[in-house]
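Undergrad:
Number of protein chains: 2
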Amino acid sequence: MLDPDKTAFYIHLFKGIDPADLPGLISATQQRQLEPGDVYIREGENSPRLAYIKEGLIRCYHINEKGIESTVLLRWEEQIVASYDSILLGKPSRFTYHALEATSIVEVNYDVIQKLLANKPVFEQARYQFVLDMLAQSLERIESFVLQTPEERYLQLIQDKPDLLQRVSDKHLATLLGITPVSLSRIRKRITSRYSR
Amino acid sequence: MLDPDKTAFYIHLFKGIDPADLPGLISATQQRQLEPGDVYIREGENSPRLAYIKEGLIRCYHINEKGIESTVLLRWEEQIVASYDSILLGKPSRFTYHALEATSIVEVNYDVIQKLLANKPVFEQARYQFVLDMLAQSLERIESFVLQTPEERYLQLIQDKPDLLQRVSDKHLATLLGITPVSLSRIRKRITSRYSR
DNA sequence: CCCGTTAATTATCTTTTGTTAATTCTGCCA
DNA sequence: TGGCAGAATTAACAAAAGATAATTAACGGG
């Protein structure tokens, strides 16, 4: 019998999928539970894993030569997470991905589904849509760096995804915005003092 | 008879294309020449135009409410340029695209080729590859904002694409890096004074 | 060849950020 | 509940960036 969670995952991911393809896909799929702090993909790994986040939060970060850690991106429920170095470029990940919360994911081996679904229009369509969404998101983020100040980026962030404030520590949010935790703390102070005036 | 330039364009873009598709595509294609300063896509336009740059340089920029102009991206020869607001999201462009140099392009209406090539694997493949490349580039740029200082971004830029220094004015490069022209001038001074010491 | 326009640099001052370290806050567990 | 570790804030100073304006450089047209 087909796992209902996995079935739902694929129906969601590949709208209009041929039911005949489901069993093959599902056997290439597993569910996993990550605890806070668990590493999902380690720097240096060349992992073709691709996961849909059912619940939870995953942080992708990098540690530079001076030992300074920067958050490159955050992914949360209903989003897809993968090492884009590996998936897109076929090279080892320069980043580490780890769970910030208890996180449940549905995971596939991208190489396997790539083979299983080669030349299937539904897959091509979904894959295209997925990359397209990520591109749109990325371009928006680039714009925010080019066009906005750190303070504006922070205000934008808490407007777009307010629950991140409760879920992610300031130091991680700061580096996500391209600034230091100290600077973020000052920005918050400026904002509140501006309101209370 | 088929235009050899346009034929080459499609062969390049859609490797393995069915020759039977060429005439239809080519009739949806035109060559254009832009002079320095010519606007290619104006802010507010919802333009499905997509162009391959044979020669030249196109700048995408935005003017904010304070009248400050920022370069969002540059595209040059052998790259593809389009309003991603329109192509990806189907909405009017928030940016203006204009030529910085005499620029010759091969242009198609994206909606038309989308229809012409619906469900053709070669097209799906090319389209996917195109978005994938842009995504990889975008992610790299995001990283540069998160992980690098303005000075490091500048050094990276002149290493990756040194001819931009001759081809693009400093004020445009500055805003591309997310800083002001005055600040870029100081960065260059710092760098040279560091070398001469 | 001069003039006028624009770009680039420099100067001055203000604001913001980075750095480092000290201090306070918070949550957790022994 | 006392104490400890990590997070956040604050402080103090240095470095960098923004804003504005003045000066210099570069360039193209008349």
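Just so you know, the sequences run in chain order R and G.
When we follow the working numbering, the leftmost residue of the first sequence carries the number 1, and every step to the right adds one.
When we follow the working numbering, the leftmost residue of the second sequence carries the number 1001, and every step to the right adds one.
In this text, a Cβ means the ideal position worked out from N, Cα and C, and glycines have one as well.
Pop quiz: V81(R) and I63(R) are said to be a contact at Cβ under 8 Å. What is the actual Cβ separation, rounded to whole angstroms?
TA: Walking along the first sequence from the start, residue 81(R) turns up at place 81. Walking along the first sequence from the start, residue 63(R) turns up at place 63. Not quite, the Cβ-Cβ distance comes to about 19 Å (not below 8 Å), so this is no contact.
Undergrad: In the DSSP assignment, find the alpha helix (DSSP H) that holds A136(R) and state where it starts and stops.
TA: One-based indexing of the first sequence puts residue 136(R) at position 136. Residues P121 to L147.
Undergrad: Are the C-beta of P1121(G) and some C-beta of chain R separated by less than 8 Å?
TA: The residue labelled residue 1121(G) in the question sits at position 121 within the second sequence. Chain R contact via Cβ: present.
Undergrad: Compare the C-beta of F1145(G) with all C-beta atoms of chain R and state if any pair is closer than 8 Å.
TA: Within the second sequence, residue 1145(G) is the residue found at index 145, counting from 1. Yes, contact with chain R.
Undergrad: Can you tell which of G44(R), K161(R), E152(R) and A174(R) has the C-alpha that lies nearest to the C-alpha of Y97(R)?
TA: If you number the first sequence from 1, residue 97(R) lands on position 97. That would be G44(R), whose Cα lies nearest to the Cα of Y97(R).
Undergrad: Between the Cα of S169(R) and the Cα atoms of L155(R), L184(R) and Q159(R), which residue gives the shortest distance?
TA: The residue labelled residue 169(R) in the question sits at position 169 within the first sequence. The shortest C-alpha separation from S169(R) is found at L184(R).
Undergrad: Using the three-state DSSP reduction, which class does S193(R) fall into: helix, strand or coil?
TA: As a working mapping, residue 193(R) is identified with position 193 in the first sequence. Looking at S193(R) - three-state DSSP - the assignment turns out to be helix.
Undergrad: Pairs of beta-carbons, one from the region 136-152 of chain R and one from the region 1129-1146 of chain G, closer than 8 Å: are there three or more?
TA: Counting Cβ pairs under 8 Å, three or more are found: they touch.
Undergrad: Write down the C-beta distance between V1108(G) and L1050(G) rounded to the nearest angstrom, noting that I regard them as a contact closer than 8 Å.
TA: Here residue 1108(G) refers to the residue found at position 108 when the second sequence is read from its first residue. Here residue 1050(G) refers to the residue found at position 50 when the second sequence is read from its first residue. Right, their Cβ atoms sit about 6 Å apart.
Undergrad: Step through the CB atoms of chain R and report whether any lies within less than 8 Å of the CB of N1064(G).
TA: Mapped onto the second sequence, residue 1064(G) falls at position 64. Yes - at least one Cβ of chain R is within 8 Å of the one on N1064(G).
Undergrad: Output the distance between the C-alpha atoms of D111(R) and E124(R), rounded to the nearest integer angstrom.
TA: On the first sequence, position 111 is the one that residue 111(R) refers to. On the first sequence, position 124 is the one that residue 124(R) refers to. When rounded, the distance between both Cα atoms is 14 Å.
Undergrad: Of all the options M134(R), K66(R) and S70(R), which has the alpha carbon lying nearest to the alpha carbon of P181(R)?
TA: Locating residue 181(R) in the first sequence gives position 181, counting from the first residue. When only C-alpha atoms are compared, the closest one is S70(R).
Undergrad: Helix, strand or coil: which one does DSSP assign to V1108(G)?
TA: Reading the second sequence from its first residue, position 108 is the one you call residue 1108(G). Strand at V1108(G).
Undergrad: Could you check what DSSP says for Q79(R) in three-state terms: helix, strand or coil?
TA: Numbered from 1 along the first sequence, position 79 holds the residue referred to as residue 79(R). Looking at Q79(R) - three-state DSSP - the assignment turns out to be coil, as it is neither helix nor strand.
Undergrad: Against chain G, does I17(R) count as a neighbour if the rule is that its beta carbon must be under 8 Å from one of theirs?
TA: In the first sequence, residue 17(R) corresponds to position 17, counting from 1. Cβ-Cβ to chain G under 8 Å: no for I17(R).
Undergrad: So is E124(R) in contact with chain G if we call contact Cβ pairs under 8 Å?
TA: Your numbering for residue 124(R) matches position 124 in the first sequence. Yes, contact with chain G.
Undergrad: Looking only at C-alpha atoms, which of L177(R), R127(R) and D85(R) sits nearest to F200(R)?
TA: Here chain R comprises residues numbered 1 to 197, so residue 200(R) is not present and cannot be evaluated.
Undergrad: Around the C-beta of G1037(G), are 16 or more other C-beta atoms found within 10 angstroms, so that it is buried, or is it exposed?
TA: Taking the first residue of the second sequence as position 1, residue 1037(G) is located at position 37. Flag for G1037(G) reads exposed.
Undergrad: Quick one: using the 10 Å Cβ neighbour count with 16 as the cut-off for buried, is Y1084(G) buried or exposed?
TA: Along the second sequence, read from residue 1 onward, the residue named residue 1084(G) stands at position 84. It is buried - the Cβ of Y1084(G) has at least 16 other Cβ atoms within 10 Å.
Undergrad: Would you mind stating whether W1076(G) and I1105(G) have Cβ atoms separated by less than 8 Å?
TA: For the purposes of this step, residue 1076(G) is taken as residue 76 along the second sequence, with counting starting at 1. For the purposes of this step, residue 1105(G) is taken as residue 105 along the second sequence, with counting starting at 1. The answer is no: Cβ separation not under 8 Å.
Undergrad: Using Cβ-Cβ distances below 8 Å, what residues of the region 138-172 of chain R are close to chain G?
TA: Of all residues in the region 138-172 of chain R, S138, L139, R141, I142, E143, F145, V146 and L147 have a Cβ within less than 8 Å of some Cβ in chain G.
Undergrad: For A1028(G), which residues from the same chain have a beta carbon less than 8 Å from its beta carbon, with the 5 sequence-adjacent residues on both sides left out?
TA: Position 28 of the second sequence, counted from the start, is the residue given in the question as residue 1028(G). Contacts found: V1108, N1109, V1112, I1113 and L1116.
Undergrad: Less than 8 Å between the beta carbons of L1135(G) and S138(R), yes or no?
TA: The residue you call residue 1135(G) lines up with position 135 of the second sequence. The residue you call residue 138(R) lines up with position 138 of the first sequence. Result yes, Cβ atoms of L1135(G) and S138(R) sit closer than 8 Å.
Undergrad: Taking C-beta pairs closer than 8 Å, name the residues in chain R that T1175(G) reaches, listed in chain order.
TA: Indexing the second sequence from 1 puts residue 1175(G) at position 175. Simply V146.
Undergrad: Using a Cβ-Cβ cut-off of 6 Å (strictly less than) and excluding sequence neighbours within five positions of L74(R), which residues of its own chain qualify?
TA: In the first sequence, residue 74(R) corresponds to position 74, counting from 1. Counting only Cβ-Cβ distances below 6 Å, and skipping sequence neighbours, we find R59.
Undergrad: Within the continuous beta strand (DSSP E) that includes K1054(G), where are the two ends?
TA: To locate residue 1054(G), count along the second sequence from 1; it is residue 54. From DSSP, the beta strand (DSSP E) with K1054(G) extends over R1049 to E1055.
Undergrad: Helix, strand or coil for S1086(G) per DSSP?
TA: Translated into positions along the second sequence, residue 1086(G) becomes position 86. Residue state, collapsed to three classes: helix.
Undergrad: Between which two residues does the alpha helix (DSSP H) containing I1017(G) stretch?
TA: In the second sequence, residue 1017(G) corresponds to position 17, counting from 1. Here I1017(G) belongs to no alpha helix (DSSP H), and DSSP marks it neither H nor E.
Undergrad: Should V131(R) and L1089(G) be called a contact, given that it needs their Cβ atoms to be closer than 8 Å?
TA: As a first step, residue 131(R) is located in the first sequence; it is residue number 131 there, counting from the start. As a first step, residue 1089(G) is located in the second sequence; it is residue number 89 there, counting from the start. Not a contact, by the Cβ cut-off of 8 Å.
Undergrad: Hey, Y1154(G) and L1177(G) are a contact pair by Cβ (cut 8 Å); roughly how many whole angstroms apart?
TA: As a working mapping, residue 1154(G) is identified with position 154 in the second sequence. As a working mapping, residue 1177(G) is identified with position 177 in the second sequence. About 6 Å separates the two Cβ atoms, so the contact holds.
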